[in-house]
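Just add 4 to the spot in the sequence shown (first one is 1) and you have our numbering.
We put the CB at the ideal spot given by N, CA and C, even for glycine.
Only one structure is covered here, and it is reproduced in the block below.
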Amino acid sequence: MSNFFNVLKQAQDLKGKVSELKYKLENTNFVGKDDEGQIEVIVSGKGILLDLNISPECLGDSSLLKKKIREAYNNAKVEADGFSKEEINKVAGGIPLPFDLKSFF
Numbered sequence: 005m006s007n008f009f010n011v012l013k014q015a016q017d018l019k020g021k022v023s024e025l026k027y028k029l030e031n032t033n034f035v036g037k038d039d040e041g042q043i044e045v046i047v048s049g050k051g052i053l054l055d056l057n058i059s060p061e062c063l064g065d066s067s068l069l070k071k072k073i074r075e076a077y078n079n080a081k082v083e084a085d086g087f088s089k090e091e092i093n094k095v096a097g098g099i100p101l102p103f104d105l106k107s108f109f
């Protein structure tokens, strides 16, 4: 019976850690830039675009502007996803979970 209570305690602990992680992901920002540094995007840990800064010299060519924005966003998103994966692994304590913990965010 104590094993059952131990499992319940672990589940409650995991729930608390997931709540903390959700807060952390919502409140951690990541910056991405294009290769020339003319476009800068800021995304949340959940990949939500929060801000966009565009250098004036990019404004003349719309196809170049789109390419640079996409590049900057993708760079920020890769950073946010890597951070998220690391934090989820910390919460799981290295234990392989039978579900995708990120789906809870």
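Approximately 11 Å separates the beta-carbon atoms of A84 and V45; this is outside 8 Å, ruling out the contact. G97 and C62 have their C-alpha atoms roughly 45 Å apart. Following the DSSP letters along the chain, one finds D85 in no beta strand (DSSP E) but inside the alpha helix (DSSP H) bounded by residues 66 to 96. Proximity of the segment 11 to 20 to the segment 49 to 59 falls short of the contact definition, fewer than three beta-carbon pairs being nearer than 8 Å.
V95 has its alpha-carbon roughly 20 Å from the corresponding atom of F9. Residue environment analysis places A15 among the exposed positions, since fewer than 16 neighbouring C-beta atoms fall within 10 angstroms of its C-beta. Using a 10 angstroms sphere on the CB of E91, the tally of other CB atoms reaches 16 or more, which defines it as buried. By the beta-carbon neighbour count (other beta carbons within 10 angstroms, threshold 16), S67 is exposed.
Beta-bridge partners assigned by DSSP to L29: none are found.
Taking N78 as the centre and dropping the five residues before and after it, the same chain places the C-beta of G36 closer than 8 Å to its C-beta, in chain order.
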